[in-house]
Amino acid sequence: MSEGIEKRETYEIEFLYRPGQSHDELQLQRLVAELRDVAATCFSEIPDYQCLAGTRAELADKVITIARRSDGTAAGFCSAALLPVDKVGDVFHLGLTCVRPEDRSAGLTHKLTSRVVIQYLVKYKPLSKVWVSNVACVLSSLGNVALNFEEVYPSPYFAKNQPSRNHERIALSINSLYRDKIYIRGDAKFDTKKFVFRGSVQDTCFQKAQNDTRFHHRDVRLNDYYSDLMSWSAGDEILQIGSVSLLTGVKYYFKKLAQQLPGRSRLAGSRRPAGEGASEAA
């Protein structure tokens, strides 16, 4: 190896399905300790919710991926939750992702999220469409969900003016049943038209500043679209409802492949917001 060239760390991704139902007490204690150790590098105070709460009940509905360094140390994790919704089934809530600062240059956030979704589909829903939810004020998160999932509302790519009955059914269920599961304040108001929780993370560790570009998406149009829906100072968060299937993964693969072809990268890689002219380069 040439002097000055640093060898990149390699990671193994571990997949866990409902560990609260399958792990014994010692295994759960070790798992929670690892997850909280990673989370401590991301928060000044670890929030007592989701997988970090550490209870068997909280871990019983979780689907988790953990990135491990070559020495076995947990470098990051993504913890999704399965939320039962009447007349819909289990909704896959994208949940909480934490990566140690020294490991963030490896693109682990994207790898962990994509792996937790794909592994869940392959192992448990290979022939089905799965409804997905995401709650965030982080523009990069909102933008990536809009780009990489189907039927996402709200999104500039959603062709219809209004959400479907399933979109509304899921959103109302999350609002009434699952606020505690996804760290939404009890006094936050839900805007049923825009799918925005008003004041859901005000004065919490999840509130972000609008000018903090670390949390912005690379596509300025997506930043503008989602910023217009919420008030940063009030601690608003946007609820996205969409869907995913293994076919979505195939579409994503070919989209990335097309981006790499000479002369095609500007046209093939991005969607256009609904209503934009087809001749405009993405």
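Counting in numbering that gives the first Met the number 0, the sequence shown runs from 0 upward without gaps. Beta carbons are placed, not taken as given, at the ideal position from N, Cα and C, and that holds for glycine. Given the structure is predicted, the values throughout are model-derived calculations rather than measurements.
To which residues of the same chain is residue i closer than 7 Å at the C-beta, ignoring the five residues directly before and after it?
i: R99; result: V37, T40, A74 and G75
i: R68; result: E8, Y10 and A74
i: R35; result: I45 and L51
i: Q259; result: With a pLDDT of 49 at Q259, under the threshold of 50, the modelled position of that residue is not reliable, and no figure is offered here.
i: A32; result: none
i: L30; result: P18 and H22
i: R168; result: V84, K86 and V87
i: Q28; result: none
Tell me, to the nearest whole angstrom, how far the beta carbon of residue i is from that of residue j; I am working on the premise that it is less than 8 Å.
i: Y152; j: P162; result: 5 Å
i: F196; j: V134; result: 7 Å
i: V243; j: V84; result: Contact doesn't hold; Cβ gap of about 15 Å is too wide.
i: L107; j: A66; result: 5 Å
Should residue i and residue j be called a contact, given that it needs their Cβ atoms to be closer than 8 Å?
i: I237; j: C136; result: yes
i: G19; j: K86; result: no
i: Q239; j: V144; result: yes
i: L146; j: L245; result: no
i: R184; j: S199; result: yes
i: A59; j: K180; result: no
i: N174; j: F189; result: yes
i: E149; j: G241; result: yes
i: E13; j: T64; result: yes
Would you decide whether residue i is buried or exposed? Buried here means 16 or more other CB atoms lie within 10 Å of its CB.
i: G234; result: buried
i: E24; result: exposed
i: A170; result: buried
i: L256; result: A caution first: L256 carries a pLDDT of 47, below 50, which makes its placement in the model too unreliable to give a value.
i: Q26; result: exposed
i: L155; result: Residue 155 is actually Pro in this sequence, not Leu. Buried, by the Cβ-count rule.
i: Q49; result: buried
i: T191; result: exposed
i: T96; result: buried
i: T247; result: buried
i: L141; result: buried
i: S132; result: buried
i: L126; result: exposed
Grab me the residues of residue i's own chain with a C-beta within less than 6 Å of its C-beta, minus the 5 sequence neighbours each way, in chain order.
i: K193; result: L228
i: L15; result: I63
i: K122; result: none
i: Q118; result: F14
Per the contact definition of three or more C-beta pairs closer than 8 Å, is the region 96 to 114 in contact with the region 61 to 81?
yes
Are the region 85 to 92 and the region 215 to 234 touching, with three or more C-beta to C-beta distances below 8 Å?
no
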